[in-house]
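Remarks on the structure that follows.
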Amino acid sequence: DAKTTQPPSMDCAEGRAANLPCNHSTISGNEYVYWYRQIHSQGPQYIIHGLKNNETNEMASLIITEDRKSSTLILPHATLRDTAVYYCIVRAYTDKLIFGTGTRLQVFP
Amino acid sequence: DAMVIQNPRYQVTQFGKPVTLSCSQTLNHNVMYWYQQKSSQAPKLLFHYYDKDFNNEADTPDNFQSRRPNTSFCFLDIRSPGLGDAAMYLCATSLRGHSYNEQFFGPGTRLTVL
Numbered sequence: 142d143a144k145t146t147q148p149p150s151m152d153c154a155e156g157r158a159a160n161l162p163c164n165h166s167t168i169s170g171n172e173y174v175y176w177y178r179q180i181h182s183q184g185p186q187y188i189i190h191g192l193k194n195n196e197t198n199e200m201a202s203l204i205i206t207e208d209r210k211s212s213t214l215i216l217p218h219a220t221l222r223d224t225a226v227y228y229c230i231v232r233a234y235t236d237k238l239i240f241g242t243g244t245r246l247q248v249f250p
Numbered sequence: 057d058a059m060v061i062q063n064p065r066y067q068v069t070q071f072g073k074p075v076t077l078s079c080s081q082t083l084n085h086n087v088m089y090w091y092q093q094k095s096s097q098a099p100k101l102l103f104h105y106y107d108k109d110f111n112n113e114a115d116t117p118d119n120f121q122s123r124r125p126n127t128s129f130c131f132l133d134i135r136s137p138g139l140g141d142a143a144m145y146l147c148a149t150s151l152r153g154h155s156y157n158e159q160f161f162g163p164g165t166r167l168t169v170l
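Residue numbers (this note's numbering), protein chains in the order written: chain R, 142 to 250; chain U, 57 to 170.
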């Protein structure tokens with residue numbers, strides 16, 4: 142079973158920051174937080190991952206709370222192409238990906 | 057560009073008629089996965105190969121089989137497709153031993169069962 146809880150849907154205006162929350166209250170010490178997204182009719186795409194420090198790459202930022210029980214994926218300037226289902230996944234790095242229901246992000250003009 | 061390729065992108069088969077979906081990769085990754093994704097649902101892992109070692113998920117029906125003849129190719133065989141097997145089938149690869157084990161997904165094959 143998925144170990145995360147995400148809101149089913151969110152909206153965001155184009156050009157604004159999209160902040161996608163994820164709860165993972167049962168996360169273990171060796172488990173990472175991964176984010177993938179799936180644009181309609183495409184395969185999932187890796188976005189970012191982290192263990193306990195905040196992370197940033199060219200796509201997004203990941204903020205993990207100090208107790209590691211929740212995190213937020215931030216898309217700093219959302220575009221229409223960011224409309225997708227975003228999956229937050231908790232796993233040890235050799236484990237399988239178990240997808241939860243994800244958050245459907247709709248970016249509107 | 058290195059990538060994961062799935063053929064065909066769309067496959068139509070008849071109820072009970074065996075079908076094979078293929079996946080190839082140019083990433084030289086040692087792990088290949090097959091996922092099933094039904095409409096409006098999340099991807100669900102069916103099985104994976106770590107090199108030649110096959111790892112089946114406990115709830116994957118016997119109707120689903122897989123072959124990995126070499127590092128680059130992996131096949132999904134559905135021996136007797138039922139209407140409930142209509143779905144998107146996703147292939148993914150990863151490099152075990154890599155520091156974060158990112159999975160790279162192909163575009164998927166959408167299977168229709170008539």
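Glycine included, every Cβ here is placed at the ideal spot set by N, Cα and C.
Beta strand (DSSP E) segment containing R/Q247, residue limits
In the first sequence, residue 247 of chain R corresponds to position 106, counting from 1. Run containing R/Q247: T244 to F249, per the beta strand (DSSP E) assignment.
Beta-carbon contacts of U/Q159 that lie in its chain and below 6 Å, excluding the five residues immediately before and after:
Residue numbering aside, residue 159 of chain U sits at position 103 when the second sequence is read from its first letter. Excluding sequence neighbours, U/Q159 sits near A148 and S150.
So U/F71 and U/L139 are supposed to be a Cβ contact under 8 Å. How far apart are they, rounded?
Reading the second sequence from its first residue, position 15 is the one you call residue 71 of chain U. Reading the second sequence from its first residue, position 83 is the one you call residue 139 of chain U. That belief holds up - the Cβ atoms of U/F71 and U/L139 are roughly 7 Å apart, short of 8 Å.
Which residue or residues does DSSP assign as beta-bridge partners of U/Q62?
Position 6 of the second sequence, counting from 1, holds the residue named residue 62 of chain U. Per DSSP, U/C79.
Considering only residues of the same chain and omitting the five flanking positions on each side of R/L192, which have a CB-CB separation below 6 Å?
Here residue 192 of chain R refers to the residue found at position 51 of the first sequence. Within the same chain, R/L192 has close Cβ partners Y173.
Note down the Cα distance separating U/R123 from R/T206, rounded to an integer number of angstroms.
One-based indexing of the second sequence puts residue 123 of chain U at position 67. One-based indexing of the first sequence puts residue 206 of chain R at position 65. Near 42 Å, if we compare the C-alpha coordinates of R/T206 and U/R123.
Give every residue of the same chain whose Cβ lies closer than 6 Å to the Cβ of U/Q97, excluding the five residues on either side of it in the sequence, and list them in chain order.
Within the second sequence, numbered from 1, the residue matching residue 97 of chain U stands at position 41. No residues qualify anywhere along the chain.
To which residues of the same chain is U/L83 closer than 8 Å at the C-beta, ignoring the five residues directly before and after it?
By 1-based counting over the second sequence, the position of residue 83 of chain U is 27. Within the same chain, U/L83 has close Cβ partners A58, M59, V60, T149, L151 and F160.
For a contact meaning CB atoms closer than 9 Å, what does U/F103 contact in chain R?
The residue given as residue 103 of chain U occupies position 47 in the second sequence. Here the premise fails: no neighbours, minimum Cβ distance about 10 Å.
Beta-carbon of U/A98 versus every beta-carbon of chain R: anything under 8 Å?
Along the second sequence, read from residue 1 onward, the residue named residue 98 of chain U stands at position 42. Chain R, which has a Cβ nearer than 8 Å to the Cβ of U/A98, makes this yes.
Ends of the beta strand (DSSP E) at R/G191?
The count along the first sequence starts at 1 and reaches residue 191 of chain R at position 50. Unbroken beta strand (DSSP E) run through R/G191: Q186 to G191.
Note down, in chain order, each residue of its chain lying with its Cβ closer than 7 Å to the Cβ of U/Q121, except the 5 sequence neighbours on either side.
Your numbering for residue 121 of chain U matches position 65 in the second sequence. Contacts found: D133 and R135.
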